[in-house]
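Enquirer: Counting along the sequence shown from 1, when you hit position 616 you're at 616 in the UniProt record's numbering, and nothing is skipped either side.
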Amino acid sequence: MEHLWHPLCLARDGTWIPRLPPAVASSKMRASSFSRRGQQGFLKAEDSPSLGSEALQDALLTLGSIIDIPRLRDAIRDAIASVLPKVDNAFIYLLDAEGRLVCDDPPHELPPEGKLRDAVLLQKRIECSGLTPSELLGQQMSSLAAPLPPDKQVLILPLLDQDTARVVSVILLHCSQLSDSDEQNLRTLEKHTLVACKRVLAIQKLQPSPQVPPSPLSPRTYQNSLPKPSPTANESYDELDRKILQLCGELYDLDAASLQIKVIHYLEQQTQSPCCCLLLVSEDSHQLFCQVVGGKVLEEEISFPLTFGHLGQVVDKKKSITLQDISSEEHRQLNNMLGFEVHSMLCVPVISRATSQVVALACAFNKQGGKYTEVDEHKIQHCFCYTSTVLTSTLAFQKEQKLKCECQALLQVAKNLFTHLDDVSVLLQEIITEARNLSNAEICSVFLLERQSHELVAKVFDGGVVDDESYEIRIPADQGIAGHVATTGQILNIKDAYSHPLFYRGVDDSTGFRTRNILCFPIKNESNEVIGVAELVNKINGPGFTKFDEDLATAFSIYCGISIAHSLLYKQVREAQFRSHLANEMMMYHMKVCEDETKKLQSNGIVSVCQIDPGFASFSYTPRSLPEDDTVMCVISMFEDMGFVNNYKIDRTTLIRFCLMVKKGYRDPPYHNWMHAFSVSHFCYLLFKNLELVNYLEYIEIFALFVSCLCHDLDHRGTNNSFQVASKSVLAALYSSEGSVMERHHFAQAIAILNSQGCNILEQFSRKDYQRMLDLMRDIILATDLAHHLRIFKELTRMSQDGFDPQNKHHHYLLICLLMTSSDLSDQTKGWKTTRKIAVSFYWLTQCISHKPLYKGECWGDTPNVGGRDSSPALHSAFPISPYIKGNVGGIHLMWGAESSAQPCPVHFP
Numbered sequence: 001m002e003h004l005w006h007p008l009c010l011a012r013d014g015t016w017i018p019r020l021p022p023a024v025a026s027s028k029m030r031a032s033s034f035s036r037r038g039q040q041g042f043l044k045a046e047d048s049p050s051l052g053s054e055a056l057q058d059a060l061l062t063l064g065s066i067i068d069i070p071r072l073r074d075a076i077r078d079a080i081a082s083v084l085p086k087v088d089n090a091f092i093y094l095l096d097a098e099g100r101l102v103c104d105d106p107p108h109e110l111p112p113e114g115k116l117r118d119a120v121l122l123q124k125r126i127e128c129s130g131l132t133p134s135e136l137l138g139q140q141m142s143s144l145a146a147p148l149p150p151d152k153q154v155l156i157l158p159l160l161d162q163d164t165a166r167v168v169s170v171i172l173l174h175c176s177q178l179s180d181s182d183e184q185n186l187r188t189l190e191k192h193t194l195v196a197c198k199r200v201l202a203i204q205k206l207q208p209s210p211q212v213p214p215s216p217l218s219p220r221t222y223q224n225s226l227p228k229p230s231p232t233a234n235e236s237y238d239e240l241d242r243k244i245l246q247l248c249g250e251l252y253d254l255d256a257a258s259l260q261i262k263v264i265h266y267l268e269q270q271t272q273s274p275c276c277c278l279l280l281v282s283e284d285s286h287q288l289f290c291q292v293v294g295g296k297v298l299e300e301e302i303s304f305p306l307t308f309g310h311l312g313q314v315v316d317k318k319k320s321i322t323l324q325d326i327s328s329e330e331h332r333q334l335n336n337m338l339g340f341e342v343h344s345m346l347c348v349p350v351i352s353r354a355t356s357q358v359v360a361l362a363c364a365f366n367k368q369g370g371k372y373t374e375v376d377e378h379k380i381q382h383c384f385c386y387t388s389t390v391l392t393s394t395l396a397f398q399k400e401q402k403l404k405c406e407c408q409a410l411l412q413v414a415k416n417l418f419t420h421l422d423d424v425s426v427l428l429q430e431i432i433t434e435a436r437n438l439s440n441a442e443i444c445s446v447f448l449l450e451r452q453s454h455e456l457v458a459k460v461f462d463g464g465v466v467d468d469e470s471y472e473i474r475i476p477a478d479q480g481i482a483g484h485v486a487t488t489g490q491i492l493n494i495k496d497a498y499s500h501p502l503f504y505r506g507v508d509d510s511t512g513f514r515t516r517n518i519l520c521f522p523i524k525n526e527s528n529e530v531i532g533v534a535e536l537v538n539k540i541n542g543p544g545f546t547k548f549d550e551d552l553a554t555a556f557s558i559y560c561g562i563s564i565a566h567s568l569l570y571k572q573v574r575e576a577q578f579r580s581h582l583a584n585e586m587m588m589y590h591m592k593v594c595e596d597e598t599k600k601l602q603s604n605g606i607v608s609v610c611q612i613d614p615g616f617a618s619f620s621y622t623p624r625s626l627p628e629d630d631t632v633m634c635v636i637s638m639f640e641d642m643g644f645v646n647n648y649k650i651d652r653t654t655l656i657r658f659c660l661m662v663k664k665g666y667r668d669p670p671y672h673n674w675m676h677a678f679s680v681s682h683f684c685y686l687l688f689k690n691l692e693l694v695n696y697l698e699y700i701e702i703f704a705l706f707v708s709c710l711c712h713d714l715d716h717r718g719t720n721n722s723f724q725v726a727s728k729s730v731l732a733a734l735y736s737s738e739g740s741v742m743e744r745h746h747f748a749q750a751i752a753i754l755n756s757q758g759c760n761i762l763e764q765f766s767r768k769d770y771q772r773m774l775d776l777m778r779d780i781i782l783a784t785d786l787a788h789h790l791r792i793f794k795e796l797t798r799m800s801q802d803g804f805d806p807q808n809k810h811h812h813y814l815l816i817c818l819l820m821t822s823s824d825l826s827d828q829t830k831g832w833k834t835t836r837k838i839a840v841s842f843y844w845l846t847q848c849i850s851h852k853p854l855y856k857g858e859c860w861g862d863t864p865n866v867g868g869r870d871s872s873p874a875l876h877s878a879f880p881i882s883p884y885i886k887g888n889v890g891g892i893h894l895m896w897g898a899e900s901s902a903q904p905c906p907v908h909f910p
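Structure below.
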């Protein structure tokens with residue numbers, strides 16, 4: 001079996017230059033294709049073997065090994081014959097020692113005139129149908145005489161040295177029409193021939209080598225004029241090249257790690273080192289990373305920046321270093337990375353032949369029997385002269401494969417996410433699952449940003465969706481790791497969670513779970529605004545999340561942002577449909593205000609509260625004693641007495657329509673009816689008249705409180721929030737995600753009445769006051785939810801202890817909520833008859849729920865079984881002591897019983 005011969009020659013600058021003889025395959029082709037010099041017979045197209053990359057590579061390798069002009073001329077002819085079968089003859093003109101362009105077949109100088117000279121002067125390629133007689137020197141060139149047959153042509157190719165602006169060679173070809181692939185091969189040959197010419201001229205200028213006539217028929221052998229040092233006393237370069245060729249034959253893997261193991265094993269043998277590794281240079285991230293140490297593939301890549309100590313300088317300066325060149329700190333980190341003590345080291349830069357840039361650092365450790373020498377350095381350099389291209393190409397291929405898999409995974413993620421846009425909770429659960437699978441994390445959490453409260457809210461976890469608001473997680477949007485990411489909009493990769501200042505380990509201490517590492521990334525919408533944060537905890541198959549995980553999370557977050565934004569938009573569309581359905585339902589149930597009632601109230605005028613009852617403004621007055629037909633006029637009188645009509649320029653007709661519309665907006669359940677709303681509004685009127693609220697609240701806040709008391713139970717269905725959610729009613733579908741289902745519905749109905757024609761009592765408000773009025777009404781009506789009162793109970797207690805501050809806006813909010821709750825529970829503060837009547841209403845309501853469907857033709861769904869009257873002969877209801885307000889001359893004193901002082905008062909009904 002024939003082998004390639006690969007000796008080295010030493011240049012004056014101290015570098016080793018590989019010199020390869022012609023390839024065996026090329027030599028076989030030349031032996032069958034050519035006769036002796038001067039009688040070249042090129043292969044015809046129909047006789048040519050199948051050409052491919054191997055023939056071109058052999059030709060280029062041959063060109064890269066030549067260092068003298070005679071062999072260069074033959075190498076160019078051989079290369080043309082190998083890759084261009086349509087060429088009949090080729091004549092090569094090269095610069096000689098005197099700077100003349102000379103051809104050796106037959107020996108002559110480039111003609112002073114004609115197309116050949118024109119190509120040199122114009123420095124461009126010329127295609128023609130033949131040459132003039134003055135240019136035809138010798139019998140071999142007679143076939144180029146013009147005119148040629150139509151299927152033949154002459155190509156003149158000047159090779160221009162761009163550095164000196166001088167033509168260093170002219171290639172004259174007699175050929176058929178070339179195909180696109182032939183043209184491509186010809187251009188490649190031109191480039192490499194130019195490089196070979198420049199190299200040969202440079203070598204001859206430094207140290208001319210003797211011209212040895214080559215053998216025309218057999219592979220050429222010659223003695224190198226430069227000395228060839230032997231790396232070791234017992235190993236010749238022939239043996240070294242044989243081992244390199246054997247290594248190259250084994251580098252067929254498509255996995256970069258497997259290739260590195262083979263190259264590292266070769267380096268360990270040649271440098272007598274127990275351990276070697278490759279530090280690869282990442283151009284994208286400007287980092288050095290290591291995948292293989294010795295014969296072991298690392299579970300997690302080790303990476304550090306190019307600015308890291310002296311190793312980074314090797315990349316910049318392209319010079320080797322030893323252990324003596326690095327600092328003690330670098331030495332310590334190197335020991336930790338390798339897992340053993342480093343006694344000696346050699347780090348050699350691996351330079352790409354294509355870009356002349358450092359693509360890796362080859363490191364050898366702990367040489368056996370001595371220190372590393374220049375011979376070891378040359379052996380490493382010699383190895384990568386042949387293997388660096390394969391290694392870098394495989395790394396590039398593996399990177400492309402990784403990107404392809406990433407794209408496929410992201411496309412599948414996009415498909416999974418975009419099929420769950422109809423439900424935000426299910427979508428968030430899908431996001432958590434996909435993020436955990438993509439990054440191999442133990443736990444994933446997703447927080448959505450609520451801009452109104454400036455909080456990050458998590459309702460969906462690995463275990464499922466949380467329906468109860470009390471179990472959702474709310475954290476300030478500017479605290480902790482998630483808050484930092486939400487505020488900055490930047491990804492945060494924490495390798496050691498316990499050492500990070502933003503990490504709170506109290507949860508780990510209480511649960512026993514250990515958080516090792518965290519990858520937290522923002523979720524942004526199409527406007528690049530942060531709408532949420534995802535947090536991945538504990539990488540499963542590695543010590544921490546990698547740069548690849550960061551890139552994957554960044555790409556994944558784009559799909560998350562788009563899907564969440566569209567899901568919320570879809571939710572808004574569905575809510576609009578529900579609102580439309582409810583509006584239609586309400587309009588069918590609540591007919592328009594009767595004009596006769598409006599005219600009747602207008603004609604009677606506004607009655608003063610004193611005419612209604614002398615004790616109307618006292619806490620002892622029972623509003624339920626008033627006939628229901630007179631309540632609307634009574635409400636109008638309270639509007640007038642509190643000064644709202646004059647202060648806000650409310651049209652009396654508009655006020656009458658508004659009050660009548662509100663009255664019609666109440667259904668007729670046992671308790672939450674119009675009389676309840678009237679009683680609550682009257683108690684608010686009592687607070688205004690007796691407690692001097694104008695000294696503590698703004699006038700618009702008092703106005704909003706009174707209007708909210710009128711509207712706080714609009715369209716009440718006689719059921720609570722839990723029943724609405726459990727029965728999956730339309731109201732629950734519309735408001736359950738926001739909480740306080742019924743209260744939000746009451747507020748929506750109040751807005752619907754204000755927007756009805758002729759009912760807007762706020763029409764004289766400025767835009768700013770109008771917006772504030774609606775915000776106040778929303779907050780006050782939502783405060784009637786008992787869950788809301790329990791949430792602010794501690795703040796109320798603190799305010800009662802510290803005192804009310806009129807300048808504190810939050811104290812205003814707390815006081816208004818407390819006044820609303822007190823008014824809502826005011827029935828229990830009246831006389832015994834009223835209190836007993838209300839209790840009986842509640843009892844009757846439970847009986848309706850047990851035995852009847854929802855009134856007004858609605859369906860209740862599954863109702864709780866509270867038992868009939870026979871099974872409950874006695875009903876005991878316990879009422880805690882209600883919060884109350886006591887007014888003194890010196891100011892307001894807020895007093896309510898704490899949990900320990902709320903003594904139940906049993907009431908027995910026979």
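We put the beta carbon where it would ideally sit given N, CA and C, even for glycine.
Tell me, to the nearest whole angstrom, how far the beta carbon of L157 is from that of V170; I am working on the premise that it is less than 8 Å.
Expert: Between V170 and L157 the Cβ distance is about 7 Å, and since that is below 8 Å, they are a contact.
Enquirer: Does the Cβ of C817 have 16 or more other Cβ atoms within 10 Å, making it buried, or fewer, making it exposed?
Expert: Classification for C817: buried.
Enquirer: Given that a residue counts as buried once 16 or more other Cβ atoms are within 10 Å of its Cβ, and exposed if not, what is S563?
Expert: Buried, by the Cβ-count rule.
Enquirer: Beta-carbon of D551 versus every beta-carbon of chain C: anything under 8 Å?
Expert: Structure shown: chain C not included; a single protein chain is present.
Enquirer: Going by DSSP, what residues sit across from H174 in a beta bridge?
Expert: Looking at the DSSP assignment, H174 forms a beta bridge with N89 and V154.
Enquirer: Residue ranges of each beta strand (DSSP E) run of no fewer than 3 residues wholly in the region 353–419, ordered along the chain?
Expert: For the region 353–419, whole beta strand (DSSP E) runs of length 3 or above, ordered along the chain, are 358–365.
Enquirer: If I follow the unbroken beta strand (DSSP E) through K771, where does it start and stop?
Expert: A small correction: the amino acid at residue 771 is Gln; Lys does not occupy that position in the sequence shown. No beta strand (DSSP E) holds Q771; the alpha helix (DSSP H) holding it covers R767 to L782.
Enquirer: Where S439 and P305 are concerned, what is the direct C-alpha to C-alpha distance, given to the nearest angstrom?
Expert: The alpha-carbon atoms of S439 and P305 are separated by roughly 23 Å.
Enquirer: Would you report the Cα separation of L63 and A79, rounded to the nearest angstrom?
Expert: Near 8 Å, if we compare the C-alpha coordinates of A79 and L63.
Enquirer: Would you please state the rounded distance, in angstroms, between the beta carbons of I261 and V293? I believe it to be under 8 Å.
Expert: I261 to V293, Cβ: 10 Å. No contact.
Enquirer: Kindly indicate which three-state DSSP category K124 falls into: helix, strand or coil?
Expert: Three-state result, K124: coil.
Enquirer: Which residues bound the alpha helix (DSSP H) around P70?
Expert: Where P70 is concerned, the enclosing alpha helix (DSSP H) stretches over I69 to V83.
Enquirer: Just to confirm before moving on: does the CB-CB distance between A396 and F447 stay below 8 Å?
Expert: Cβ distance not < 8 Å, so A396 and F447 don't count as in contact.
Enquirer: Sorted by chain position, which residues of the same chain lie with C-beta nearer than 8 Å to L411's C-beta, five sequence neighbours on each side aside?
Expert: There are no such residues.
Enquirer: Could you pull out every residue in the same chain whose Cβ sits closer than 7 Å to the Cβ of I656, ignoring the five residues on either side in sequence?
Expert: Within the same chain, I656 has close Cβ partners T598, L601, Q602 and I636.
Enquirer: Taking all protein chains shown into account, do 16 or more other C-beta atoms lie within 10 angstroms of the C-beta of K124, making it buried, or fewer, making it exposed?
Expert: Looking at its Cβ environment, which holds fewer than 16 other Cβ atoms inside 10 Å, K124 is exposed.
Enquirer: Kindly indicate which residue of Q572, A583, A534 and N541 has the alpha-carbon position closest to the one of Y559.
Expert: If we check each option's Cα against that of Y559, A534 comes out closest.
Enquirer: In three-state DSSP terms, what is N440?
Expert: Three-state result, N440: coil.
Enquirer: Who pairs with L456 in a beta bridge, going by DSSP?
Expert: DSSP output for L456 lists L449 and I475 as bridge partner(s).
Enquirer: Classify E529: buried if its beta carbon has 16 or more other beta carbons within 10 angstroms, exposed otherwise.
Expert: Burial call: exposed.
Enquirer: Between L20 and S352, what straight-line distance do the alpha-carbon atoms span, to the nearest angstrom?
Expert: At L20, the pLDDT of 41 sits below 50, so the modelled position is not reliable; the number obtained from the coordinates is stated separately. For L20 and S352, the distance between alpha carbons rounds to 19 Å.
Enquirer: If I'm right that N525 touches I531 with Cβ under 8 Å, what's the distance once you round it to whole angstroms?
Expert: At roughly 5 Å, the Cβ-Cβ gap stays under 8 Å, so N525 and I531 are in contact.
Enquirer: Find the nearest neighbour of L449 within the set D478, L421, L427 and V426, judged by alpha-carbon distance.
Expert: When each option's Cα is compared against that of L449, the closest is D478.
Enquirer: Please state the DSSP three-state secondary structure of M345.
Expert: Correct three-state label for M345: strand.
Enquirer: If you draw a straight line from the alpha carbon of V390 to that of R77, how long is it in whole angstroms?
Expert: C-alpha separation (whole angstroms): 28 Å.
Enquirer: Buried or exposed for W832, please, with buried defined as at least 16 other CB atoms from any protein chain shown within 10 angstroms of its CB.
Expert: That one is exposed.
Enquirer: If you follow the beta strand (DSSP E) that F793 is part of, which residue opens it and which one closes it?
Expert: Careful: F793 lies outside any beta strand (DSSP E), inside the alpha helix (DSSP H) at F793 to D802.
Enquirer: Assuming the contact rule is C-beta atoms closer than 8 Å, V609 and M638 should be a hit. Round their C-beta distance to whole Å, please.
Expert: Correct: roughly 7 Å between the Cβ atoms.
Enquirer: Are the Cβ atoms of C197 and L278 separated by less than 8 Å?
Expert: Cβ distance not < 8 Å, so C197 and L278 don't count as in contact.
Enquirer: Is it right to say E628 is buried, meaning 16 or more other beta carbons lie within 10 angstroms of its own, or is it exposed?
Expert: When all chains shown are included, E628 counts as exposed.
Enquirer: Does DSSP put F42 in a helix, in a strand, or in coil?
Expert: Reliability fails at F42, whose pLDDT of 35 lies under 50, so the model's placement of it is uncertain and the value that follows must be treated cautiously. Coil.
Enquirer: Spatial neighbours of E330 within its chain, please: C-beta separation below 6 Å, excluding the five flanking residues on both sides.
Expert: Taken in chain order, the residues that qualify are G309.
Enquirer: Grab me the residues of L173's own chain with a C-beta within less than 6 Å of its C-beta, minus the 5 sequence neighbours each way, in chain order.
Expert: Cβ within range, chain order: V87, A90 and L155.
Enquirer: Give the secondary structure of T322 by DSSP, where H, G and I count as helix, E and B as strand, and everything else as coil.
Expert: Three-state result, T322: strand.
Enquirer: Please list, in chain order, all residues of the same chain as I612 whose beta carbon is under 7 Å from its beta carbon, the five residues on each side excluded.
Expert: Closer than 7 Å at the Cβ level, and outside the excluded window around I612, lie C634 and S637.
Enquirer: Out of A750, R744, L776 and Y735, which one is the CA nearest neighbour of L705?
Expert: Answer by Cα proximity: L776.
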